[in-house]
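Scroll down for the structure; my scribbles are underneath it.
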Amino acid sequence: MHRRGVGAGAIAKKKLTEAKYKERGTVLAEDQLAQMSKQLDMFKTNLEEFASKHKQEIRKNPEFRVQFQDMCATIGVDPLASGKGFWSEMLGVGDFYYELGVQIIEVCLALKHRNGGLITLEELHQQVLKGRGKFAQDVSQDDLIRAIKKLKALGSGFSIIPVGGTYLIQSVPAELNMDHTVVLQLAEKNGYVTVSEIKASLKWETERARQVLEHLLKEGLAWLDLQAPKEPHYWLPALFTDLYSQEITAEEAREALP
Amino acid sequence: MKFDTGTLLLSTHRLIWRDQKNHECCMAIPLSQIVFIEEQAAGIGKSAKIVVHLHPAPPNKEPGPFQSSKNSYIKLSFREHGQIEFYRRLSEEMTQRRWETMPVSQSLQTNRRPQSGRIRAVGIVGIERKLEEKRKETDKNISEAFEDLSKLMIKAKEMVELSKSIANKIKEKQGDITEDETIRFKSYLLSMGIANPVTRETYGSGTQYHMQLAKQLVGILQVPLEERGGIMSLTEVYCLVNRARGMELLSPEDLVNACKMLDALKLPLRLRVFDSGVMVIELQSHKEEEMLASALETVSEKGSLTSEEFAKLVGMSVLLAKERLLLAEKMGHLCRDDSVEGLRFYPNLFMTQS
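So the sequences go chain by chain: H and A.
Just so you know, we're using full-length UniProt numbering here: the first sequence kicks off at 1 and counts up by one.
Just so you know, we're using full-length UniProt numbering here: the second sequence kicks off at 1 and counts up by one.
Right, dumping it as C-alpha cells:
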C-alpha cells in the first residue's frame with residue numbers, strides 16, 4: 001500500500017511539491033477529491049430535499065420518470081447503476097426497477113417453452129401487470145424497457161429488437177444477427193412469414209432466406225407449418241396476437257356483443 | 001344495479017363496457033359524445049380512474065342504465081391495472097376522431113350523427129373552464145417538480161465534470177493519490193451513478209460495498225447452490241437474492257461487481273463466464289469438468305439427447321444443461337447434430353473409437 005511519508009523530511013518534500021504545483025496554478029488530484037467529498041455531501045442534502053417534495057411524483061407519474069431518466073442520461077449519470085447509489089436510496093427508483101427486473105425474468109422463463117425466448121413488449125407488459133396484482137403500482141412500457149436494459153448485465157441474453165413500431169424482447173442467448181432481425185420485423189405484420197414474402201420484400205436469394213428461417217426454427221423461435229396453402233408458413237409464437245388481449249379483431253368484437 | 005366488475009373495450013367509434021359475470025349486461029357510449037377526458041391517479045384506498053366528460057344527451061338517445069343523472073361525466077375505475085395504457089389509447093382515438101370518417105360496419109350504429117365540430121351547450125363552457133384551471137394547476141405542480149429537478153441536474157453535472165477532472169489527473173499523475181483515496185473515489189462514483197472514467201466500465205469497479213456484498217452472497221447462496229448441484233445462473237441468483245431481500249434491492253450491476261470479487265477475496269464461490277456469455281456462480285468445490293464424465297454417460301445411455309431432454313433427466317435448468325453439453329462438445333466428449341428439429345448431442349465416437 002502506497003503511503004505518503006509521515007517523517008519530517010517527507011513533510012518538507014510534500015510542501016515543496018505542493019508549492020511547485022501551486023505556482024503553476026494546477027490543483028492536485030487529492031485536493032479535488034476533498035472538494036468532491038464536500039460537494040457530494042451537499043448534493044446528498046439537495047437530493048433529500050428533492051425527494052421529500054417530489055418522491056411521489058416519480059413513483060406515480062411514468063412521464064416524469066421518463067424525463068428524469070433522460071436528464072440523467074444527458075449529464076452522464078446512471079441512476080440505476082447501483083442500489084447503493086443516492087438516486088436509488090433516496091428516490092426509491094432502484095427498488096422499483098430492480099423488482100420489475102425480477103418479474104420480467106420470471107415471466108420470460110415461464111413462457112420460454114412456448115415462444116422460444118422471444119416475446120412482444122405488449123405481451124410481456126400484460127403478463128407482468130397480471131403478476132403484479134391489483135394493488136401494485138402501474139408500470140409503463142418505457143419502465144419495462146429500462147429494466148430490461150439493466151438486465152443485460154447479467155449475461156443471460158436479454159436484448160431488445162425493434163419491430164414495426166414496437167419491440168420484441170429476447171431473453172435467451174440465441175445468436176440473432178441483422179438478417180434474423182429483419183425477418184422478424186417482416187413477420188410482425190401477420191405473425192408468420194414465407195420464403196416468397198422475404199424474397200419479394202427484401203430482394204434476397206432463396207438460400208439466404210432459407211438459412212435465416214432454418215436458424216429461427218433451430219432456436220425454437222419459429223414453428224413450421226407445412227400444411228399452409230401454397231408454401232410453408234413460418235410462424236412466430238412470440239407474435240401470436242390472440243395471446244394478449246389489448247387488440248381484438250372486428251369479428252371478435254361482434255361476437256362479444258349482443 | 002352495480003356496475004363494478006367488467007371489461008372495458010375501446011373501438012374507433014365507441015367505449016363499450018360489459019359485465020364480467022353477466023354478459024347480457026352490456027352498454028356503450030359513442031366517442032363523439034365525449035367532450036374531454038382526464039386522469040385521476042390512484043391513492044390509498046382509491047383506484048386509478050379516467051373521468052369522461054360528456055355532451056348533454058341527444059333527445060333521440062337509446063335508453064341506458066339510468067333515466068337521468070345530475071352529473072355530466074362518468075368515471076371509469078381501474079381496480080386492477082391498465083389505466084395508463086387505456087388513457088393513452090383513448091386519447092389517441094379522441095385526437096384521431098376516426099368515427100367521423102370511417103363507416104360503421106354493423107347495425108349497432110347509433111342514431112347520433114357524427115359531428116365535425118363540437119356543439120357547445122351552455123353548461124359545458126363552465127365545466128371546460130374549470131377543467132382548464134385544474135389542468136393549469138396540475139401543470140404547475142409538474143413544472144415545479146421539473147424546475148427542482150433541473151436545478152438538481154445542474155449540480156449533478158458539476159459532480160460529473162469534477163470526477164472527470166480527477167480521473168485525468170490520476171492518469172497523468174498530477175499529485176499523489178493513495179490506494180485508500182482511490183477506493184474513496186470509486187465509492188463517490190458509485191453514489192452518483194457515474195461510470196468510472198478511468199476504467200470506462202460501470203461495472204467491474206469494485207468498492208467496499210461490493211466486497212461486503214460478495215461476503216454476504218456466500219451466506220445467502222451456499223445452501224441454494226448445494227440444492228442445485230453446485231451451479232446457478234446469474235439471473236437465478238439475481239431473482240433469489242432480491243426476492244429474499246424484499247427491499248433495498250441489488251441492481252444487476254451490483255451483483256455482477258460483487259461476483260467479480262469472489263475470487264480475489266478467496267471466497268468459497270466463484271463467477272464463471274461461458275463462451276456464450278452466460279454467467280454462472282459455482283461452488284468452488286464444484287468441478288464442471290467432472291460433471292462432463294457423467295454427462296457423457298447419460299447421453300450414451302440414451303443414445304442421444306437434446307438440451308431439454310438432458311435438463312429434464314438430470315433436473316437442471318435448460319440454460320445450464322445446454323452449457324454443460326456445449327462444454328462437453330468443446331472438450332471432445334460429445335458431438336452435435338444440428339437440424340431443424342433441434343440441436344441433438346451424441347457421444348463423440350470419432351474420439352472414442354479409433
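We put the beta carbon where it would ideally sit given N, CA and C, even for glycine.
Remember, it's a predicted structure, so these values are computed and weren't measured experimentally.
- Between residue 169 of chain H and residue 124 of chain H, the C-beta spacing is below 7 Å.
- Of the candidates H:116, H:91, H:28, H:8, H:91 places its Cα closest to the Cα of residue 45 of chain H.
- Around the beta carbon of residue 215 of chain H, 16 or more other beta carbons sit within 10 angstroms, so the residue counts as buried.
- Contact annotation for residue 77 of chain H against chain A: 156, 160, 192, 193, 194 [CB-CB distance below 7 Å, chain order].
- Those residues of the region 53-85 of chain A placed with their C-beta closer than 8 Å to a C-beta in chain H are 79, 80, 81, 82, 83, 84, 85, ordered along the chain.
- Using a 10 angstroms sphere on the CB of residue 212 of chain H, the tally of other CB atoms reaches 16 or more, which defines it as buried.
- The continuous stretches of beta strand (DSSP E) do not include residue 68 of chain H, which lies in the alpha helix (DSSP H) extending over residues 62-75.
- Just measuring C-alpha positions, the residue of A:333, A:282, A:165, A:278 sitting nearest residue 31 of chain H is A:165.
- Taking the CA atoms as reference points, residue 59 of chain H sits about 52 Å from residue 293 of chain A.
- DSSP places residue 25 of chain A outside both helix and strand once states are collapsed to three, so it counts as coil.
- When C-alpha distances from residue 2 of chain A are compared across A:52, A:25, A:333, A:91, the shortest belongs to A:25.
- Annotation for residue 284 of chain A: no alpha helix (DSSP H) segment contains it, and DSSP assigns it neither H nor E.
- By the beta-carbon neighbour count (other beta carbons within 10 angstroms, threshold 16), residue 196 of chain H is exposed.
- Of the other Cβ atoms in all chains shown, fewer than 16 fall within 10 Å of the Cβ of residue 227 of chain A; this residue is therefore exposed.
- For residue 6 of chain A, DSSP records a beta bridge to A:19.
- For residue 173 of chain H, the nearest CB of chain A lies under 7 Å from its own CB, placing it at the interface with that chain.
- Beta-bridge pairing by DSSP links residue 52 of chain A to A:37, A:74.
- Of all residues in the region 218-236 of chain A, the ones placed with a Cβ closer than 8 Å to any Cβ belonging to chain H are 233, 234, 235, in chain order.
- C-alpha of residue 167 of chain A to C-alpha of residue 62 of chain H: approximately 35 Å in a straight line.
- One thing to note: residue 50 of chain H has its Cβ no nearer than 7 Å to the Cβ of residue 190 of chain A.
- Residue range 233-235 is occupied by the beta strand (DSSP E) that includes residue 233 of chain H, with no alpha helix (DSSP H) assigned at that position.
- Note: residue 46 of chain A is bridge-paired with A:43 in the DSSP secondary-structure output.
- Within chain A, 238, 239, 242, 249, 251, 252 have C-beta atoms less than 9 Å from the C-beta of residue 101 of chain H, given in sequence order.
- What residue 71 of chain H touches in chain A, judged by beta-carbon distance under 7 Å, is 149, 153, going in chain order.
- Cβ neighbours of residue 309 of chain A within its own chain (closer than 8 Å, five residues either side excluded): 302.
- Contact annotation for residue 177 of chain A against chain H: 29, 30, 33 [CB-CB distance below 8 Å, chain order].
- Between residue 82 of chain H and residue 163 of chain A, the C-beta gap is not smaller than 7 Å, which leaves the two residues out of contact.
- When the five nearest sequence neighbours on each side are left out, the beta carbons in the same chain lying within less than 6 Å of the beta carbon of residue 79 of chain H are those of 72, 87, 93, in order along the chain.
- Within its own chain, the residues whose Cβ lies closer than 8 Å to the Cβ of residue 37 of chain A, once the five positions on either side in sequence are excluded, are 50, 51, 52, 53, 87, 90, 91, 94, listed in chain order.
- Residues of chain H with a Cβ closer than 7 Å to the Cβ of residue 183 of chain A do not exist; the shortest Cβ-Cβ separation is about 11 Å.
- The region 318-333 of chain A and the region 285-300 of chain A touch, with three or more beta-carbon pairs separated by less than 8 Å.
- In the displayed model, residue 228 of chain A falls within coil according to three-state DSSP, outside both helix and strand.
- In the structure shown, residue 227 of chain H adopts coil according to DSSP, grouped into three states.
- A direct Cα-Cα distance of roughly 35 Å separates residue 111 of chain H from residue 28 of chain A.
- In the assembly as shown, residue 280 of chain A is a buried residue. Its beta-carbon has 16 or more other beta-carbons within 10 Å.
- Only buried fits residue 233 of chain H, as 16 or more other CB atoms lie within 10 angstroms of its CB.
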